[in-house]
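Asker: Take a look at the following structure, please.
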Amino acid sequence: DTGVSQDPRHKITKRGQNVTFRCDPISEHNRLYWYRQTLGQGPEFLTYFQNEAQLEKSRLLSDRFSAERPKGSFSTLEIQRTEQGDSAMYLCASSLLGGRARETQYFGPGTRLLVL
Amino acid sequence: AQSVTQLDSQVPVFEEAPVELRCNYSSSVSVYLFWYVQYPNQGLQLLLKYLSGSTLVKGINGFEAEFNKSQTSFHLRKPSVHISDTAEYFCAVSEEYSGGGADGLTFGKGTHLIIQP
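Protein sequences, first through last, are from chains A and B. Counting with my numbering, you get residues 1 to 116 for the letters of the first sequence. Counting with my numbering, you get residues 1 to 117 for the letters of the second sequence.
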């Protein structure tokens, strides 16, 4: 069990550029979640996948955001035309539905995005 | 929709003293409750969780929490803190549904635990 990994750990970009983040969940976990955490706040739910299906999206996920999990393993989160308000830590988590550790989400270290 | 309130944004405590971090939630259905800890520049680590059964839950690093349904609370406690417990602590809730799993967690704003020597 190598844990949830995220890449990159840090990203600095200019306003208007596109960025893509990757998340590799714990192997055999069938659920994968994305959260956003701004300074001084708790994480806010963005979206989640069960296998390759995207089952829920928060209203925080504007049309500039898109997430995929094409083969039910790793996931990518893309932000198009970044804005300064997108600056935040983007956290990925995974869980095993129906398993012994059900309902527990295991978090990765996050990708910190700074939009200049 | 559920919500979580962490009443204290900061809690300063002397080393080896006891501590309680407060968490209250709001939900119209049954919930699962969690406490996570976040060290600087790191992701979240699960401390403990309440799914069902005994209302007193023991977690890692000597922490425990008690689920109180009538008061809709899930306060975190530790009898004697150590300098290494300095971190941000988040209470979170998810709603149980017939599928048997949990959707996205709803987090509180966090409590910064500051251990003073």
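Glycine residues also receive a C-beta, built at the ideal position from the N, C-alpha and C atoms.
Within 10 angstroms of the Cβ of Lys71/A, are there 16 or more other Cβ atoms? Answer buried if so, exposed if not.
Answerer: Burial call: exposed.
Asker: If we cut at 7 Å on Cβ distances, does Phe45/A have a partner in chain B?
Answerer: With 7 Å as the cut-off, Phe45/A counts as an interface residue toward chain B.
Asker: Counting Cβ pairs, one atom from each stretch, are 3 or more of them under 8 Å apart for the segment 24 to 43 of chain B and the segment 67 to 78 of chain B?
Answerer: Judged by Cβ distances under 8 Å, the segment 24 to 43 of chain B makes contact with the segment 67 to 78 of chain B, as three or more pairs qualify.
Asker: Out of Met89/A, Gln105/A, Thr82/A, which has the shortest C-alpha to C-alpha gap to Leu116/A?
Answerer: Among Met89/A, Gln105/A, Thr82/A, the Cα nearest to that of Leu116/A belongs to Thr82/A.
Asker: Just grab the DSSP bridge partners of Leu76/B for me.
Answerer: DSSP output for Leu76/B lists Leu21/B, Ala65/B as bridge partner(s).
Asker: Suppose you measure from the CA of Ile60/B to the CA of Gly16/A; what does that come to, to the nearest Å?
Answerer: Straight-line Cα distance between these residues: approximately 43 Å.
Asker: Can you give me the C-alpha to C-alpha distance between Gln6/A and Leu48/B, rounded to a whole angstrom?
Answerer: Taking the straight line joining both Cα atoms gives about 23 Å.
Asker: For the segment 9 to 29 of chain A, list every residue whose C-beta sits within 8 Å of some C-beta in chain B, in sequence order.
Answerer: Result list empty, no residue passes.
Asker: With a threshold of 16 other CB atoms inside 10 Å of the CB of Glu16/B, please say whether the residue is buried or exposed.
Answerer: Glu16/B is exposed by the Cβ-count criterion.
Asker: Using DSSP with H/G/I as helix, E/B as strand and the rest coil, what is Ile79/A?
Answerer: In this structure, Ile79/A counts as strand in the three-state DSSP scheme.
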